[in-house]
Structure formats: structure tokens, C-alpha cells
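J.: For the sequence shown, full-length UniProt numbering assigns the number 1 to the initial residue and increments by one for each residue that follows.
No residue lacks a Cβ here, since even glycine has one placed at the ideal position from N, Cα and C.
Predicted model only: the values in this text are computed from it and were never measured.
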Amino acid sequence: MSTIIDAKGKPCPTPVILAKQAMAAGEHSFTVLVDNTTAVENLKRLAGNQGFGAAVTQGEGVFSVAFTRTGCAACEEAVSAPLPAPGGDWAVFVGRDIIGDGDRELGANLMRMFFYTLAQGEDKPGAVLFMNAGVRLPTLDEQIPAHLKALADAGVEILVCGTCLSFYGLTDQLQVGTVSNMYDIVTRMQRAAKVVSL
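(1) Who does residue 99 pair with in a DSSP beta bridge?
(2) Our contact map puts residue 182 next to residue 129 with C-beta atoms below 8 Å; I'd like the distance itself, whole angstroms only.
(3) Please name the residue or residues paired with residue 58 in a DSSP beta bridge.
(4) Can you tell me which of the three DSSP states residue 141 falls into?
(5) Can you give me the Cβ contacts of residue 16 inside the same chain, cut-off strictly under 7 Å, excluding the 5 residues immediately before and after it?
(6) With 16 other CB atoms within 10 Å as the buried threshold, where does residue 58 fall?
(7) Between which residues of its own chain and residue 35 is the CB-CB distance below 8 Å, once the five residues before and five after are set aside?
(8) From this set, 156, 155, 113 and 175, which residue's C-alpha is nearest residue 140's C-alpha?
(9) For the UniProt domain "UPF0033" (4-65), list the alpha helix (DSSP H) runs that are entirely contained and at least 4 residues long, ordered along the chain.
(10) Have a look at the DSSP bridge pairing and note the partners of residue 176.
(11) Spatial neighbours of residue 92 within its chain, please: CB distance less than 6 Å, with the 5 preceding and 5 following residues excluded, ordered by chain position.
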């Protein structure tokens, strides 16, 4: 019988961490119960990255995400191995929607110029990570999503905190990037040789 992990009502990234623990414990088949679509997407992405299939069923506000190991030979190592960085060996963490503490208009323009310059440069990061008010940039800003798309096309991973998007009511307005969670964002930061924080 498949193990059932009840993660309903658990905040991000708890469902992902519980699933990862089940994989590390050698579980080949288990089901995670969650109550929101962001958790479902995070779990599906985890499954794909770790050599598992994920079947999703829904009933009465509860999503069941059934994990099944696909059987590839490399998957045993994939459970514990970090994913390689697609870009450079560094990351950008964006926790606000302006640069600096002075004038907001100036700070917003500086942020736009930063991402324009980053997209045009040769030394690109492996990941750009958005949290808190930073999630306004890939959703509401008029210029930055185009720069982020150029970065993504160059192999840079764009991760946007799903909890933060939900808090600001911006989940449906994400223009570029992947709705992510604290677990993935912390993992990308730990994997980077350096993290530039804005």
C-alpha cells in the first residue's frame, strides 16, 4: 500500500520537503495530499526533477499527487544530487521592487537598468530568485519581464515565490518565470558560489 503524506494546510515549502524526505527514505510509491494548486505544481516539478511520475487527482478541495518512481537507473542518485546550474555559478536574489532606500521612482528605474544590463552582459547568473515585493517585477513592471525572458532564453532559471505571489494577489499575472517555493529558492542559493542580493 502506498504511503499517504498529509500536507493539507502546510505552508510552502513543507509539502515539497515531505516528498523529498520520502524519496530519500527509499519510497518508490507515495501520495501527497495538498489543498492548493501552487503546491501541486511544485510537487509535479519535484517529481520530474527526481525521476518520478506524478499523477494528480482532485476531490472536494483536496489534491492527491501520487508519486511513482519511473525506474531510470540514474534516479537513485538524482534524489540526493543537486540540479546543475544552467547559467553561471552565481545567483541574484530580489526581495524588493526598487534598488536602494531613496526615491521610489529612481529606485524603480535603477532596477530596470540593472536587469537590462544583466540581460545584455555575457556573465549571466544561473538563477534569478524573486521573493516578497520583488515578485512585482516579473508581474507588474512594464520593462523587466522582457529582460527576464531574454535571460530565461539564455538558460537562466527564473524562480518566483508562489506564497509571495498569492499574498500580493499576483498569481495570475506572472509574465515570465516559474512559480516556486522556499525549498527550491534556498537550494539554488546554497548551490551558488555567490548570491547577489538586491
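T.: To lay it out plainly:
(1) The bridge partners DSSP lists for residue 99 come to none.
(2) Your pair residue 182 and residue 129 does not check out as a contact, with CB atoms roughly 10 Å apart and the cut at 8 Å.
(3) For residue 58, which the question treats as bridged, DSSP gives the partners 63.
(4) Residue state, collapsed to three classes: coil.
(5) Hits under 7 Å: 42, 43, 46, 181 and 183.
(6) So residue 58 counts as exposed.
(7) Contacts found: 8, 9, 61, 62 and 63.
(8) Nearest to residue 140 by C-alpha distance, out of 156, 155, 113 and 175, is 175.
(9) Within the UniProt domain "UPF0033" (4-65), the alpha helix (DSSP H) runs of at least 4 residues that lie entirely inside it are, in chain order, 14-24 and 37-49.
(10) Beta-bridge pairing links residue 176 to no other residue.
(11) The beta carbon of residue 92 is closer than 6 Å to those of 125, 128 and 196 in its chain, skipping five residues each way along the sequence.
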